[in-house]
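Residue numbers (our numbering), protein chains in the order written: chain A, 9 to 294; chain B, 3 to 328; chain C, 1452 to 1845. Structure first, commentary second.
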Amino acid sequence: MDVFVLNLLNGISWGSILFLVASGLSLILGVMGILNLTHGAMYMVGAFVGWSIAVQYGLSFWLAALIGGLSAGLISLVIERGFLRHLYKQLNEQVLLTFGLVHILINSTIWIWGARSRAPFTTPFLSGSVSIMGWSYPMTRIAIIVIGGLLATGLWWLTNKTRVGAMVRAGMDDREMTMGLGINLPLVSVGVFFLGAFLAGFAGVIGAQVLGVYPGLAMDILLLALVVVIIGGVGSVGGALLGSMVIGIVDSFGKALFPNFAMFTIYLAMVVSLSVRPRGLLGRKI
Amino acid sequence: MRRANIKSSARYKKKLAHFAPCIVGIGILAIVPYFLPSYLQSLVGKVIIFAIFAMSLDVIFGYTGLISLGHAAYFGVGSYTVGILTLRYSVESFWIVTPVAILMAALVAAVFGIIALRVSGIYFLMITFALGQLLVSIAVKWYSLTGGYYGLSGIPRPDFGLTGFRWSNTYFYYFVLLAFVICFFILYRFVHSPFGLTLEGIRENESRMQVMGYNIWLHKYIAFIVSGAFAGVAGMLFAYHNRLINPAHLDVTTSTLVMLMVILGGAGTLYGPIVGAALVILIEYFAGIYVPKRWPLILGGVFVVAVMYARLGIAVQLSRLWKRMP
Amino acid sequence: MKKKMLLTKLVVFGCIVTLALWSLGVVYAEKSASVEPIKIGALLDFTGVVADLGPRFEAGIKLRLEEANYEVAGRPIQLILEDGGTDVNISFDKAKKLIERDKVTVMIGPLMGGIQLGLAPYLDEQRVLNFSLINIEFPVLKERSNWIGYPGSTYSAYKTMGYYAYDELGYRTMMTSGSDYAAGYSYLGGVADAFKERGGKIIEQQWVPLGTLDFSPYLVATKNADAVAIFFASAGAVARYITQHRGLGVKVPILVTDISSGLEEDTLQELGDKVLGMKGVDNYCWSLKTPMNEKFVAAFEAKYGRKPGGAELNAYVDTSIILAGLEATGGDASFDKLRPAILGLQIETPQGPTSFTPSGHAVVNRYIFEVKYIDGRYVLDPIRMYPNQVDPRD
Chain A
9 MDVFVLNLLN GISWGSILFL VASGLSLILG VMGILNLTHG AMYMVGAFVG WSIAVQYGLS
69 FWLAALIGGL SAGLISLVIE RGFLRHLYKQ LNEQVLLTFG LVHILINSTI WIWGARSRAP
129 FTTPFLSGSV SIMGWSYPMT RIAIIVIGGL LATGLWWLTN KTRVGAMVRA GMDDREMTMG
189 LGINLPLVSV GVFFLGAFLA GFAGVIGAQV LGVYPGLAMD ILLLALVVVI IGGVGSVGGA
249 LLGSMVIGIV DSFGKALFPN FAMFTIYLAM VVSLSVRPRG LLGRKI
Chain B
3 MRRANIKSSA RYKKKLAHFA PCIVGIGILA IVPYFLPSYL QSLVGKVIIF AIFAMSLDVI
63 FGYTGLISLG HAAYFGVGSY TVGILTLRYS VESFWIVTPV AILMAALVAA VFGIIALRVS
123 GIYFLMITFA LGQLLVSIAV KWYSLTGGYY GLSGIPRPDF GLTGFRWSNT YFYYFVLLAF
183 VICFFILYRF VHSPFGLTLE GIRENESRMQ VMGYNIWLHK YIAFIVSGAF AGVAGMLFAY
243 HNRLINPAHL DVTTSTLVML MVILGGAGTL YGPIVGAALV ILIEYFAGIY VPKRWPLILG
303 GVFVVAVMYA RLGIAVQLSR LWKRMP
Chain C
1452 MKKKMLLTKL VVFGCIVTLA LWSLGVVYAE KSASVEPIKI GALLDFTGVV ADLGPRFEAG
1512 IKLRLEEANY EVAGRPIQLI LEDGGTDVNI SFDKAKKLIE RDKVTVMIGP LMGGIQLGLA
1572 PYLDEQRVLN FSLINIEFPV LKERSNWIGY PGSTYSAYKT MGYYAYDELG YRTMMTSGSD
1632 YAAGYSYLGG VADAFKERGG KIIEQQWVPL GTLDFSPYLV ATKNADAVAI FFASAGAVAR
1692 YITQHRGLGV KVPILVTDIS SGLEEDTLQE LGDKVLGMKG VDNYCWSLKT PMNEKFVAAF
1752 EAKYGRKPGG AELNAYVDTS IILAGLEATG GDASFDKLRP AILGLQIETP QGPTSFTPSG
1812 HAVVNRYIFE VKYIDGRYVL DPIRMYPNQV DPRD
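Okay, structure coming up:
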């Protein structure tokens, strides 16, 4: 029983990290119709920048998370304004462009920081553990779950209870009509883009407490975020949350029970989900 | 009587003008072994193989307008079939291995096509991606059949069953060139046939074609299979050429690379992908010599430049220039 | 009129294509037109998963070549470096370039076992003398005749830890947790077999997929053994495993194989107290106390400003072996002369004496290390030496 609970907690904490990344990806896809493959790279950039701030310069962990998020957000803004803006609704061009940018981002990161993996790091306050059913469970994971929950609540409130959120949802449903109502949708879209990237970069530092920091994160995280968005649904915070929890928990239990089939089941799940219900469990139509 | 003669000779001249670049190009490729060393013949051979691969993608992407992000799956199936038959089952004869490889690629395309064509747009893109990666995960895990993560090495050159025949790099180069000419000829006829024109119609305006009574799904499906089959041909050649294959050849990085070749060269034309393949592989070659550690950076840059500034394709731009010149 | 224009255009087109192809040839010629030095190729990884190792191997090779003044037996030496990208396809292309274009007959690398397996048929065919940078997979060594396996085979590399665990630490049960690929099976297989040889019992062998970020499902499933022996493909994975192991409060002590890489300098300092007292096995750490090593460490630190790790040492010794072999052949770098000369060598290296078995397996010392805190730094302190390790299948 205790093993079950531990695996469940691991799954939820893993899912929380995924949620932070996938929610941004999902919103960007839903609002702007852009499949942003650089999203995983934003996680990586945030993680490396956060590492520099927290470990290399020894400053506050939370400051590192903030700056990690900001760097990711800023870089994404440049990408959007400089490149993606011109590719509205041109799907394959977006894919190729962002794929190319991922190569550039990963290689630049290696150029600046070197390719060496960094060990997981955290703030002193969270370096202890709590006792759960006879095992000690690291506080970092509990913190991740808490932060994930807070952000989920915040995002839900933002999209469902604020005017901006209403604009975003309206823009996802009917772009022309929304703009026709005089709403500055492009500005809102850029804001969403920035927020999504910020969350990814922020997640990079939060997640580093467990995963550490290395260049391959850009692709590893992207893949999982894509699966979450596909299964959970596009453009919906609830979908991203549901999808992340499903993937996080299945992955944790799957690793423990069926270690050999991890990757295969993920792709199979993607194929099944896309053929049976393309828009995902809670997604909006795009 | 005289008028008919003038007309046919004018058309003949036009056809000659149209095909002349092809003939000249193939002519030069044919004499490559006379002025390039064996190591570089191999490189040009690789360009030719990827040209076939890129042309195959162009059928489904450029002509039919479907964005497939898992095209390397069929390429890889072609390669792996060759590898598995020759190394795991000791079937050496070219006359068995090659048809089976192409058939397997077409078969996989047939199966995947049914699944993928249920959806369209971004979902089609994602599902073709997932299907390709599904094959990758199988290739990685099924060590006994596929050699796992590091793949199969030591694939022999094709065995025609001719006694006393020994392969050299140059002979193999001509073999690849011959295959390319055949493929190009078949694909050319295919895309310029009524079927091919219908595909372009579907790309331009699907609903109109539907109203006109064409079976859209069937056209897309057949194009998908043809596209997969020729990708399989390229894969088969690649296995013989490289003699080493692994899951990377099934992977999304290969799929995006060939997609880049098509877009960079010019989609929806058959010669565009050829030019694109040559450009990408040559850039890779030179980058490997001068800035080896930064190759991924340059590759990324090429992606960005291709998308932002060479959207129509370099070959297309050049051919417009060509036609505009007196 | 029209015909002439068409002809002109065709000629221009033809010239452009020919020029493009010819440019390949020019670059090709440019590079290979040089005086005949001895060409040593190095296929290292500067990009990709193990990209951090490439520069470290390079450092070791260059130090040794500098000490030799880039010449041996009266002939100058040319080192040609290529990036294999930790990818079998890239490595293959680069290997082809080194062999067919640059005409090297001696090659250091490739590093990764799977890449070695992938390239093996080609390298064998081309009669190139290949040196492994870290332990080689024994089948590659045995089935091919063109490899020198320094410091040894993956299977034999860490057997000594199995012996040590039973004999000196008094452990009777053990489990292993390792990366799910060939090297993992060999390294931990060797440890397990050695432990069983002494009478110990292996309770379980966990295999973790490469690239796993979250080890908690495996840690939670850790059995109640006296120790868990680990091998993971990257220092990052080792650091994650240890951190998560400590975080979950798992009681079973960790034995680290490949400890000099798994707990390399920076990672060791970062992990700090988490690994204090941890023991492991490897063929080298800068802390070894031989006069030759102290000289080596001093020279390395003077040139690069940091301590050498196992990677640097292996590359350094590989180069020393090549140079010693070339001394013996009088500068003849051909495969048929150089290989037998090297097999007959007996040389001193910073980590101890080295000789070779007829199949090319190096015979070296292996050491057990313990993490201690000395003079304000965490160090790997050598506490036991096992000499002359070989692969029983040799």
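A virtual CB, placed ideally from N, CA and C, is assigned to each residue, including glycine.
Item                                                                                                                          : Value
Paired residues, beta bridge with M1625(C) - DSSP                                                                             : I1653(C), A1678(C)
Three-state secondary structure assigned by DSSP to W369(B)                                                                   : Lying outside 3 to 328, the shown extent of chain B, residue 369(B) is not represented and no answer is given.
Chain-ordered neighbours of P286(A) on chain B, where CB pairs are closer than 7 Å                                            : V121, Y125
Three CB pairs or more closer than 8 Å across the stretch 277-284 of chain A and the stretch 46-58 of chain A                 : no
Cβ-Cβ distance between A312(B) and I227(B) below 7 Å                                                                          : no
Under 8 Å from the C-beta of S1878(C): neighbouring residues of chain A                                                       : Since the first residue shown for chain C is 1452 and the last is 1845, residue 1878(C) is missing from the structure and cannot be characterised.
G1700(C) versus E101(A) - alpha carbon distance                                                                               : 49 Å
Beta carbon of G1687(C) nearer than 7 Å to that of I1710(C)                                                                   : no
The stretch 1824-1840 of chain C touching the stretch 1595-1613 of chain C, judged by at least three CB pairs closer than 8 Å : yes
Opening and closing residue of the alpha helix (DSSP H) in which V171(A) lies                                                 : Note that residue 171(A) is Arg in the sequence shown, not Val. From DSSP, the alpha helix (DSSP H) with R171(A) extends over 171-181.
C-beta neighbour in chain A for R1828(C), strict 7 Å                                                                          : no
Residues that W22(A) contacts on chain C, provided the C-beta gap is smaller than 7 Å                                         : D1665
Continuous alpha helix (DSSP H) assignments of at least 4 residues falling wholly in the stretch 49-129 of chain A            : 69-90, 99-121
Buried versus exposed, by CB contacts within 10 Å (16 or more), C1736(C)                                                      : buried
Burial state of I214(A) (16 or more Cβ within 10 Å)                                                                           : buried
C-alpha gap between F192(B) and F182(B), whole angstroms                                                                      : 15 Å
Cα-Cα separation, G1651(C) to V1501(C)                                                                                        : 34 Å
Same chain, Cβ closer than 6 Å to G1511(C), neighbours up to 5 away in sequence not counted                                   : E1763, A1766, Y1767
Enclosing beta strand (DSSP E) for Q1529(C) [first to last residue]                                                           : 1526-1534
Neighbouring residues, chain C, relative to W324(B) (Cβ below 9 Å)                                                            : K1460, F1464
Nearest to R120(B) (by Cα), restricted to the options H94(A), R149(A), F107(A), V284(A)                                       : V284(A)
Within chain A, partners of A1633(C) - CB distance below 8 Å                                                                  : The premise fails here: A1633(C) is roughly 16 Å from chain A at the closest Cβ pair, so nothing lies under 8 Å.
Residues near S21(A) in its chain [Cβ-Cβ closer than 6 Å; skip 5 each side]                                                   : R149, I152, I153
Assigned secondary structure, P146(A) (DSSP; H/G/I helix, E/B strand, else coil)                                              : strand
When Y216(B), I69(B), V46(B), M214(B) are compared against I283(B), the one with the closest alpha-carbon                     : V46(B)
Local conformation of E1522(C) per DSSP, three classes                                                                        : strand
Pair within 7 Å by beta-carbon distance, Y1606(C) and G1641(C)                                                                : yes
N1581(C), enclosing alpha helix (DSSP H) - first and last residue                                                             : Element bounds for N1581(C): not the alpha helix (DSSP H) but the beta strand (DSSP E), 1580-1582.
Beta carbon proximity, K222(B) to chain C, threshold 7 Å                                                                      : no
Distance between beta carbons of W297(B) and A289(B), contact taken as under 8 Å                                              : 5 Å
Length of the line joining the Cα atoms of F272(A) and Y151(B)                                                                : 14 Å
Burial state of I229(A), where buried means 16 or more other Cβ atoms lie within 10 Å                                         : buried
Where A1484(C) falls: helix, strand or coil (DSSP)                                                                            : Bear in mind that the predicted position of A1484(C) carries a pLDDT of just 46, short of 50, making it unreliable; the figure below should be weighed with that in mind. Looking at A1484(C) - three-state DSSP - the assignment turns out to be coil, as it is neither helix nor strand.
Sufficient close CB pairs (3 or more, under 8 Å) joining the stretch 251-265 of chain B to the stretch 67-84 of chain B       : yes
Reduced DSSP secondary structure (H/G/I, E/B, other) of A231(B)                                                               : helix
T1800(C) - containing beta strand (DSSP E), residue span                                                                      : 1797-1800
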